[in-house]
Amino acid sequence: MAYQKPIHYFMRPEDSCSLHLDNFTEENTIVEYFDSKDDIDLAKFAEIVKTKPNCNQKHFIVYKGDEHRAVDTDNVKNTYIFSSDLEYWVVSKLAAETETIDTLIEEGKRFEAMLAKHVPQPGFKLRDANGEVIPDGKGFSLQILGDPEEVLDEEDEEDTDGLPMEERLYDNKDWLAAFSDSIQANGYPLCALLDNGDIFESETIDDIVYLKHEGGYLYFDIDGETNDIFIGKTVPTKEQRVQIHYDDDGDIYLTVLGGGNYVTCDWIKCSFGAVGIYGSATPMKLRIHM
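In this text, residue positions in the sequence shown follow numbering that gives the first Met the number 0: the first is 0, and each later residue adds one.
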């Protein structure tokens, strides 16, 4: 990844507790405080940013209470107000300099619409891309979707290579797997692999669907030093829970409980990726294969 200059935050001292200093995204920020009694002077903030060549000088963020505002340094009237659920996404986009305020607004509308649908519903059932209910204990694979040509098509179901489907399913595609070689006190992390995935299943407890692998539960290690998803032996607490959300096409996303902060894949090598909350611009989209 190319070097990205940090994004400049302006915030009140009393809001500093909202920063997550162990979060990957917020490590790439510069924080400057302004007096709570002062009015928010965007033009003044823009001039401050322009004097700091070591930070991103195209945009900055003003953080006040529950309001986050991304601002164009050259035109402070051009702003984008966003929710905390989109913070990682916005900061990573600005740091990568791939978006303008206008494109953020349009993309943000789409993400906000997705988040609005991500309210846990009673009677939730895990389903494959065809809408078929997957019973608890039934094994399935989770493909990480990329470009359309990488997605497993119906024509791939044909045994055109003369090999059984189960031997060809993983070829040239990205899959979720368990990094069981990295066993830690809190379990072992979830990962992404090229050409090789693991079998997962679900378990429903008190109307809540949990994803599992070989008897262990997928969960967020909220007390750890990373933002990875782990596989552990105990049922996750509410704060640790991995939530499943459906896209309109039947594929799924994973988030923290409540629908914010999408799970993404950080490809450390061309054939191995870490899976968790990393502030990536692109949420990880998954397709269930029975």
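Glycine included, C-beta positions come from ideal geometry on N, C-alpha and C.
As the structure is a prediction and not an experimental result, all values here were calculated from the model.
- Expected contact under 8 Å - CB spacing of Leu285 and Leu141 to nearest Å: 5 Å
- Does the beta-carbon distance from Phe229 to Tyr187 come in below 8 Å? yes
- Item | Expected contact under 8 Å - CB spacing of Phe139 and His288 to nearest Å | 6 Å
- Message: Can you tell me where the alpha helix (DSSP H) holding Lys57 begins and where it ends?
- Response: Per DSSP, Lys57 belongs to no alpha helix (DSSP H) and is neither H nor E.
- Message: Shorter than 7 Å, the distance from the beta carbon of Gly64 to the closest heavy atom of the ligand GDP, or not?
- Response: Judged by which ligands are present, the structure shown has none, so any question about the ligand GDP falls away.
- Query: Can you tell me the Cα-Cα spacing of Gly161 and Ala95, whole angstroms?
  - Reply: Because the pLDDT at Gly161 is just 47, under 50, the model does not fix this residue reliably, and the value given afterwards should be weighed accordingly. In a straight line, the C-alpha of Gly161 is about 45 Å away from that of Ala95.
- Using the DSSP secondary-structure output, state which residues sit across from Leu285 in a beta bridge. Ile143 and Ile251
- In angstroms with no decimal places, state the Cα-to-Cα distance between Ile6 and Gly272. 25 Å
- Item | Residue range of the unbroken alpha helix (DSSP H) whose run includes Glu46 | Leu41 to Lys49
- Are Lys232 and Gly215 closer than 8 Å when you measure CB to CB? yes
- Pro68 and Ser35 look like a contact to me (Cβ under 8 Å); what is the Cβ gap, rounded to whole Å? A small correction: the amino acid at residue 68 is Arg; Pro does not occupy that position in the sequence shown. The Cβ separation is near 16 Å, so there is no contact.
- Task: Using the DSSP secondary-structure output, state which residues sit across from Thr78 in a beta bridge.
- Result: Val70
- Would you mind working out which of Asn55, Ile251, Ile221 and Pro134 sits nearest Glu202, comparing C-alpha positions? Pro134
- Just grab the DSSP bridge partners of Pro188 for me. Phe229
- Nearest CA to the CA of Ser15: which residue from Tyr2, Gln3, Lys4 and Glu31? Glu31
- Message: According to DSSP, is Tyr277 part of a helix, a strand, or is it coil?
- Response: coil
- Of all the options Asp65, Asp73 and Asn77, which has the alpha carbon lying nearest to the alpha carbon of Ser83? Asp65
- Message: Taking 8 Å as the cut-off, does the region 35-53 touch the region 85-101 (at least 3 CB pairs, one atom from each stretch)?
- Response: no
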